[in-house]
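> One structure follows; several queries about it will come next.
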Amino acid sequence: MKDLVININNKIEVEWDKKYYKSNIMDVNDKFITINIPMLEGGYLTLSKGDYIEVTYYNSKEIYKFHSKVIGRDIKDNLHEIYIEHPKDVKKVQRRNYVRVFYGHNIKYYILKDKLNSNINLGQGIFEDAIIIDISGGGMKIKTSKELSLGDIIISKLTIDDTELFVKGRVLRSIKDENKQNICGISFIDMDGKTIEKVIQFVFLLMRKQRNAALKEG
């Protein structure tokens with residue numbers, strides 16, 4: 524796929540025995556891609572030369588899947604390096620802004636008093652409770668008992684498994700449901716490439732958990 528560019532420091536996941544191990548792109552050259560040793564909950568995936576792996580690759584706009592082959596490994600400066608082939612069968616999984624995932628979990632948020640401050644300062648406000656109805660790479664819909672006005676800036680704490688993420692968003696719409704709860708549409712703002720990448724991973728992890736749960740029920 525011509526539009527796939529592998530960038531150093533981007534996140535990947537390596538699927539092995541129906542488990543997903545986190546890793547990073549350490550280096551890219553014409554011959555191979557270097558990744559660090561994949562990890563899951565403190566455990567390492569000890570790949571060997573000749574192993575075939577499935578990789579999920581995240582960048583700031585898309586998610587890709589591809590298969591690759593381990594062609595070598597080494598230790599440099601006490602860091603384990605694994606060398607894999609460049610992908611040949613790349614599949615684009617989703618566009619981050621078009622995929623909306625139903626969530627239904629509690630979150631914490633607070634209203635940012637200084638709207639001109641682009642930094643996330645956890646000491647600026649008192650956290651309130653809300654429920655995420657759904658979430659995508661570009662925003663989310665929440666339910667809260669607190670009144671939020673159009674244009675309000677909020678900082679939200681998202682948590683799933685061992686992943687914790689703070690995101691900044693602007694209230695674009697707010698209506699009341701039949702129970703007098705406020706249903707608010709939030710658009711994520713002021714996110715750098717690293718945060719965007721984390722949101723993509725967060726949404727993708729939700730999708731995977733829901734898909735696996737559906738398969739178990741079926």
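Residues in the sequence shown are numbered from 524 upward in steps of one, following the working numbering.
A virtual CB, placed ideally from N, CA and C, is assigned to each residue, including glycine.
On a predicted model such as this, the values are computed, not experimentally measured, just so you know.
In chain order, what are the residue ranges of uninterrupted beta strand (DSSP E) at least 3 long that sit wholly in the region 579-611?
List check, beta strand (DSSP E) in window: 585-599, 602-607.
> Between the Cα of VAL694 and those of LEU688, GLU687, ILE706, GLU701, spot the shortest distance and give me the residue it belongs to.
On the sequence shown, position 171 is the one that residue 694 refers to. Closest by alpha carbon: ILE706.
> Check whether the Cβ atoms of SER697 and LEU671 lie closer than 8 Å to each other.
Counting from one through the sequence shown, the residue named residue 697 turns up at place 174. Counting from one through the sequence shown, the residue named residue 671 turns up at place 148. Yes, the Cβ-Cβ distance between SER697 and LEU671 is below 8 Å.
> Can you look up ILE723 in the DSSP assignment and give me helix, strand or coil?
Reading the sequence shown from its first residue, position 200 is the one you call residue 723. Reduced to three states, the DSSP call for ILE723 is helix.
> Give me the Cα-Cα distance between SER659 and PHE555, rounded to the nearest whole angstrom.
As a first step, residue 659 is located in the sequence shown; it is residue number 136 there, counting from the start. As a first step, residue 555 is located in the sequence shown; it is residue number 32 there, counting from the start. Those two C-alpha atoms are separated by around 33 Å.
> Beta-carbon within less than 8 Å of ASP685's beta-carbon, same chain only, minus the 5 sequence neighbours each way: which residues are those?
Working through the sequence shown from its first residue, we reach residue 685 at position 162. Cβ neighbours of ASP685 beyond the five flanking positions: GLU564.
> Ordered along the chain, which non-local residues of its own chain (more than five positions away) have a Cβ less than 8 Å from that of LEU568?
Within the sequence shown, residue 568 is the residue found at index 45, counting from 1. Excluding sequence neighbours, LEU568 sits near VAL537, TRP539, TYR544, ILE560, PRO561, MET562.
> Cβ of GLN733 versus every heavy atom of the ligand GTP: is any distance shorter than 7 Å?
Ligands in the displayed structure: none, and consequently the ligand GTP is not present.
> Give the secondary structure of MET663 by DSSP, where H, G and I count as helix, E and B as strand, and everything else as coil.
Translated into the one-based positions of the sequence shown, residue 663 becomes position 140. Of the three classes helix, strand and coil, the one that applies to MET663 here is strand, per DSSP.
> By DSSP, does LEU738 sit in helix, in strand, or in coil?
Here residue 738 corresponds to residue number 215 of the sequence shown, with the count starting at 1. If DSSP states are grouped into helix, strand and coil, LEU738 belongs with the helices.
> Applying the 10 Å Cβ sphere with the 16-neighbour rule, what's the burial state of GLU687?
Counting from one through the sequence shown, the residue named residue 687 turns up at place 164. The residue is exposed, with fewer than 16 neighbouring Cβ atoms inside 10 Å.
> For LEU695, name the three-state secondary structure that DSSP assigns.
Walking along the sequence shown from the start, residue 695 turns up at place 172. In the structure shown, LEU695 sits in a strand (DSSP, three-state: E or B).
> If you draw a straight line from the alpha carbon of LYS691 to that of VAL622, how long is it in whole angstroms?
Locating residue 691 in the sequence shown gives position 168, where the first residue counts as 1. Locating residue 622 in the sequence shown gives position 99, where the first residue counts as 1. If you take the alpha carbons of LYS691 and VAL622, they lie about 19 Å apart.
> Return the CA-CA distance between TYR587 and ASP597, expressed in angstroms with no decimal places.
The residue you call residue 587 lines up with position 64 of the sequence shown. The residue you call residue 597 lines up with position 74 of the sequence shown. About 26 Å.
> Apply the 10 Å Cβ neighbour rule to GLN724 and answer buried if 16 or more other Cβ atoms are within range, or exposed otherwise.
Counting from one through the sequence shown, the residue named residue 724 turns up at place 201. GLN724 comes out buried.
> What does GLU687 pair with, by DSSP beta-bridge criteria?
Within the sequence shown, residue 687 is the residue found at index 164, counting from 1. Per DSSP, THR682.
> Taking the C-alpha atoms as reference points, what is the distance between GLN704 and GLY648?
For the purposes of this step, residue 704 is taken as the residue at position 181 of the sequence shown. For the purposes of this step, residue 648 is taken as the residue at position 125 of the sequence shown. About 21 Å.
> From the DSSP secondary-structure annotation, give me the bridge partner or partners of ASP652.
Counted from its first residue, the sequence shown places residue 652 at position 129. According to DSSP, ASP652 bridges with LYS631.
> Kindly indicate which three-state DSSP category THR718 falls into: helix, strand or coil?
The count along the sequence shown starts at 1 and reaches residue 718 at position 195. DSSP places THR718 in helix when its eight states are reduced to three.
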